[in-house]
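Novice:
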């Protein structure tokens with residue numbers, strides 16, 4: 201489904217939504233996917249986001265088929281054939297507001313477009329702990345909640361207390377949260393919601409404890425190939441084991457398809473050595489899944505999401 205001149209006039213001229221055409225996907229994905237996105241909408245506030253969702257709903261644009269939502273584009277691979285529309289939330293409501301602050305804790309209202317690194321630095325200055333696990337995790341708060349991003353040291357499920365969103369019919373939603381709403385690397389209620397802000401709660405601490413938390417995460421990240429374009433962890437860790445251990449035990453470190461490589465530093469990362477295509481990355485994903493299944497009988501589940509595919513890998 202294509203955006204007509206009348207559609208463009210409505211969105212840009214009447215609703216003042218910034219729209220950019222024929223955009224390289226590498227600008228919107230951390231793997232630097234080489235595809236082209238036909239048009240990218242960058243709503244600046246919840247009202248513009250709601251206008252976009254009303255437009256999609258009214259004219260039959262289908263979520264995942266015709267349009268998707270991205271923050272910083274980590275955790276996704278866009279098909280080499282390209283995609284029609286991306287709603288880029290990285291400019292959306294990118295503010296951090298204090299809702300309540302005591303000697304013991306701070307409660308924040310954080311826009312979906314706030315980068316994880318910006319929030320971490322804010323909390324560092326406030327001597328608040330509980331977010332150190334996010335050091336080095338690319339992406340935004342909205343994506344972090346949606347994916348329940350985290351590490352063995354912590355995740356968004358432990359800090360998120362409420363989200364505000366729209367459903368796919370542009371109806372507003374406010375949902376109080378607790379850890380029971382989340383599962384490993386997923387927020388099930390959010391599958392058909394577009395979140396624009398979250399309430400997060402963090403305990404007060406000392407600067408020394410906060411720095412120690414960040415340093416611990418930094419040491420762990422030093423074993424990951426973060427200097428190369430990548431989309432984050434390829435697979436979820438199976439219960440009681442690690443995807444990286446299984447892939448390495450299959451002798452797959454360093455395996456390549458074109459410029460896509462299973463990292464020699466960390467086997468649960470696929471890196472772009474220069475001009476890797478999504479097709480090459482997907483071939484490595486499928487090879488790793490099949491080899492681990494054959495050798496260990498373990499069915500790895502991809503953490504990365506495919507855009508422009510019938511289903512995820």
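Numbering (our numbering), first residue to last: 201 to 513.
Each residue gets a CB set at the ideal place from its N, CA and C atoms; glycine is no exception.
Exposed or buried, what is residue 376 when buried is set at 16 or more other beta-carbons lying within 10 Å of its beta-carbon?
Specialist: With fewer than 16 other Cβ atoms within 10 Å, it is exposed.
Novice: Note down, one range per segment and in chain order, each alpha helix (DSSP H) of at least 4 residues found wholly within the region 336-361.
Specialist: You should have 341-347.
Novice: Could you tell me the distance, in whole angstroms, from the CA atom of residue 501 to the CA atom of residue 436?
Specialist: The alpha-carbon atoms of residue 501 and residue 436 are separated by roughly 6 Å.
Novice: Quickly, what does DSSP pair residue 200 with across the bridge? List them, please.
Specialist: No answer is possible for residue 200: the residues shown for the chain start at 201 and end at 513.
Novice: On the DSSP bridge assignment, give the partners of residue 236 in chain order.
Specialist: Per DSSP, 224.
Novice: Confirm, please, whether the CB-CB distance from residue 496 to residue 276 is below 8 Å.
Specialist: Not a contact, by the Cβ cut-off of 8 Å.
Novice: DSSP three-state label for residue 482, please.
Specialist: Helix.
Novice: Using the C-alpha atoms, what's the distance from residue 241 back to residue 224?
Specialist: C-alpha separation (whole angstroms): 14 Å.
Novice: For residue 308, write down the residues that DSSP places opposite it in a beta bridge.
Specialist: Answer by DSSP bridge pairing, in chain order: 298 and 400.
Novice: Suppose you measure from the CA of residue 311 to the CA of residue 215; what does that come to, to the nearest Å?
Specialist: Using only the alpha carbons, I get a separation of about 21 Å.
Novice: Under the three-state reduction of DSSP, which class applies to residue 317: helix, strand or coil?
Specialist: It is helical.
Novice: Give the secondary structure of residue 434 by DSSP, where H, G and I count as helix, E and B as strand, and everything else as coil.
Specialist: If DSSP states are grouped into helix, strand and coil, residue 434 belongs with coil.
Novice: If contacts are defined as beta-carbon pairs under 8 Å, then residue 253 and residue 368 qualify, I think. What distance do you get, rounded to the angstrom?
Specialist: Confirmed, Cβ separation roughly 7 Å.
Novice: Any chance the region 282-292 sits against the region 479-487, with 3 or more Cβ pairs inside 8 Å?
Specialist: Short answer: they don't touch.
Novice: Looking at the strands, I want to know which residues DSSP matches up with residue 502.
Specialist: DSSP, once it has assigned bridges, lists 435 as partnering residue 502.
Novice: Can you look up residue 487 in the DSSP assignment and give me helix, strand or coil?
Specialist: Here residue 487 sits in helix by DSSP.
Novice: Just list the residues that DSSP pairs residue 376 with in beta bridges.
Specialist: 362.
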